[in-house]
Amino acid sequence: MPTGAAPIRQLDAHAVAELTETAQKILADSGSSAARPELLRRVAASAARLGTTIRRHCRPVETDDGLFVLRGLPVDDGGIGPTPASWATAGDCAAEWDVILLLLATAMGHPIAWEGQQEGRFVHNIVPSPGHEQAQTGASSTVLLSPHTEDAFHPGRAHLLLLACMRNHDAIATTAAGIRKVRLDADDVALLSRPVLPILPDDAYAEAQGFAGEPPKVPVLWQTENGPTLRYDPAYTPLDEAPADYRAAYDRLTAELERVSVAVALEPGDVLVVDNDLVVHGRVPFKARYDGTDRWLKRASVRVPGRRSRPLAEADEHGYGQTALVAHL
Numbered sequence: 000m001p002t003g004a005a006p007i008r009q010l011d012a013h014a015v016a017e018l019t020e021t022a023q024k025i026l027a028d029s030g031s032s033a034a035r036p037e038l039l040r041r042v043a044a045s046a047a048r049l050g051t052t053i054r055r056h057c058r059p060v061e062t063d064d065g066l067f068v069l070r071g072l073p074v075d076d077g078g079i080g081p082t083p084a085s086w087a088t089a090g091d092c093a094a095e096w097d098v099i100l101l102l103l104a105t106a107m108g109h110p111i112a113w114e115g116q117q118e119g120r121f122v123h124n125i126v127p128s129p130g131h132e133q134a135q136t137g138a139s140s141t142v143l144l145s146p147h148t149e150d151a152f153h154p155g156r157a158h159l160l161l162l163a164c165m166r167n168h169d170a171i172a173t174t175a176a177g178i179r180k181v182r183l184d185a186d187d188v189a190l191l192s193r194p195v196l197p198i199l200p201d202d203a204y205a206e207a208q209g210f211a212g213e214p215p216k217v218p219v220l221w222q223t224e225n226g227p228t229l230r231y232d233p234a235y236t237p238l239d240e241a242p243a244d245y246r247a248a249y250d251r252l253t254a255e256l257e258r259v260s261v262a263v264a265l266e267p268g269d270v271l272v273v274d275n276d277l278v279v280h281g282r283v284p285f286k287a288r289y290d291g292t293d294r295w296l297k298r299a300s301v302r303v304p305g306r307r308s309r310p311l312a313e314a315d316e317h318g319y320g321q322t323a324l325v326a327h328l
């Protein structure tokens, strides 16, 4: 798997100062929690005034890589405090970065949160947690976090995913694979474009897993005017319920995604921006120390207004009862 093969957008000193000073002022005026409505309103107003350099760096993904890294923002390793033991204990740790991430997310679209995940926060803390080492969620460590579309079970999932690196002393890689780099024959594409299987809610959504409605069957691939897109989460797809030819096509897609996958070892201050319709992402296994020095990311999810990159039939899905909260609307 190639390492570090991701387009870089380098922020200059002026853009870094603009973002950090804006975030500091918002926190000083509105309090420390990124969940506060007043803070979210200030973020929206401030994001609208960001300079052209930042807005240029926040332009849409423009290559078949389906991702890029914003680089140049500083992280004070001592100042952010120890890596939290879990998202539930993170609270407002490194709150300035919550606001920076929300400013960037707002420059790209509308940040979203989920009532059923991390208490409805718009910025999530992704850290290894004791007892979750082998889960297929961001709290895992010792297992490969399988490549997947973020929140693939839901029709209101994000168009863009932002992952900001707070700490990564061990250079643990995020994996990414773009659908527009794979090679599949026409028969496989046709099979995987049919709604054959559902994608079930992942373990981060305990309430959704108990939803009584019939799971909707969804296509894995579909075509847009700009090229193919995908909706993929093998860890939560009941593949044993599919016909043999469909499973074989799915396996070939999985093999192709593995072939084109890159490993991106984020550095502190890096913000990885992933197009959630083009790229599946995951993480390599690692051994957590639980001593305050483990890998720590912050995550924000973004919907892009007016974007038409998904099948119209998704509008009829129930989303397993989960509701997305959309900032600034």
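Okay, so the sequence shown: first residue is 0 according to numbering that gives the first Met the number 0, each after it adds one. Cβ atoms here follow ideal geometry from the backbone N, Cα and C, with glycine treated the same way.
Close beta carbons around residue i, own chain, < 7 angstroms, minus the five adjacent residues each side
{"i": "D239", "result": "none"}
{"i": "A104", "result": "P110, L161, A299, V301"}
{"i": "T82", "result": "V126, R166, G291, T292, D293, W295"}
{"i": "D63", "result": "G177, R179, K180"}
{"i": "V74", "result": "M165, P267, G268"}
{"i": "L256", "result": "P146, A176, V181, V279"}
{"i": "P214", "result": "P197, L199"}
{"i": "L10", "result": "H56, L69, R70, G71, L72"}
{"i": "D150", "result": "R156, A157"}
{"i": "T223", "result": "S308"}
According to DSSP, residues forming a beta bridge with residue i
{"i": "D186", "result": "Answer by DSSP bridge pairing: none, since D186 is not bridged."}
{"i": "D274", "result": "L159"}
{"i": "P227", "result": "Q222"}
{"i": "A323", "result": "W113"}
{"i": "A330", "result": "As displayed, the chain neither begins before 0 nor continues past 328, which places residue 330 out of reach and without an answer."}
{"i": "H123", "result": "R298"}
{"i": "R70", "result": "Q9"}
{"i": "C164", "result": "L296"}
{"i": "L337", "result": "In the structure displayed, the chain extends from 0 to 328; residue 337 sits before or after that span and is not available."}
{"i": "V60", "result": "Its beta-bridge partners do not exist; DSSP assigns none."}
{"i": "V217", "result": "L196"}
Beta-carbon proximity list for residue i, same chain, < 8 angstroms, skipping 5 on both sides
{"i": "R8", "result": "H56, F67, V68, L69, R70"}
{"i": "L324", "result": "I111, A112, W113, E114, G119, F121"}
{"i": "K216", "result": "P194, V195, L196, P197"}
Three-way DSSP call (helix, strand, coil) for residue i in this model
{"i": "G90", "result": "coil"}
{"i": "L196", "result": "strand"}
{"i": "G318", "result": "helix"}
{"i": "P267", "result": "coil"}
{"i": "I79", "result": "coil"}
{"i": "V15", "result": "helix"}
{"i": "S45", "result": "helix"}
{"i": "E149", "result": "coil"}
{"i": "Y249", "result": "helix"}
{"i": "P233", "result": "helix"}
{"i": "T52", "result": "helix"}
{"i": "Q208", "result": "helix"}
{"i": "D201", "result": "coil"}
{"i": "P154", "result": "coil"}
{"i": "R40", "result": "helix"}
{"i": "A254", "result": "helix"}
Distance CB(residue i)-CB(residue j) smaller than 9 angstroms
{"i": "D201", "j": "A170", "result": "no"}
{"i": "M165", "j": "L296", "result": "yes"}
{"i": "G80", "j": "A93", "result": "yes"}
{"i": "P154", "j": "L199", "result": "no"}
{"i": "L252", "j": "V219", "result": "yes"}
{"i": "H123", "j": "W86", "result": "yes"}
{"i": "D232", "j": "F152", "result": "yes"}
{"i": "V60", "j": "L159", "result": "yes"}
{"i": "D187", "j": "A243", "result": "no"}
{"i": "S29", "j": "E37", "result": "yes"}
{"i": "H327", "j": "R58", "result": "no"}
{"i": "S140", "j": "A312", "result": "no"}
Integer-rounded CB distance, given that residue j should sit under 8 angstroms from residue i
{"i": "V279", "j": "A241", "result": "About 19 angstroms; that fails the 8 angstroms criterion."}
{"i": "T173", "j": "R282", "result": "6 angstroms"}
{"i": "D102", "j": "A12", "result": "The sequence shown places Leu at residue 102, rather than the Asp named in the question. So it is not a contact: roughly 17 angstroms between Cβ atoms."}
{"i": "L49", "j": "E17", "result": "7 angstroms"}
{"i": "V303", "j": "M107", "result": "7 angstroms"}
{"i": "L183", "j": "Y245", "result": "Contact doesn't hold; Cβ gap of about 13 angstroms is too wide."}
Cβ shell of residue i (< 6 angstroms), same chain only, five flanking positions each side left out
{"i": "A203", "result": "Q116, T136"}
{"i": "D276", "result": "T228, S308"}
{"i": "L144", "result": "G281, R282"}
{"i": "I53", "result": "A14"}
{"i": "G212", "result": "H317"}
{"i": "Q208", "result": "P200"}
{"i": "A138", "result": "S128, H131"}
{"i": "A89", "result": "P83, N124"}
{"i": "I99", "result": "L18, A22"}
{"i": "G226", "result": "R179"}
{"i": "G65", "result": "G177, D274, L277, V278"}
{"i": "V333", "result": "The first residue shown for the chain is 0 and the last is 328, placing residue 333 beyond what the model contains."}
{"i": "F210", "result": "Y319, G320"}
heavy atom of the ligand SAM below 8 angstroms from residue i C-beta
{"i": "E266", "result": "Because no ligand of any kind appears in the structure shown, any question about the ligand SAM cannot be addressed here."}
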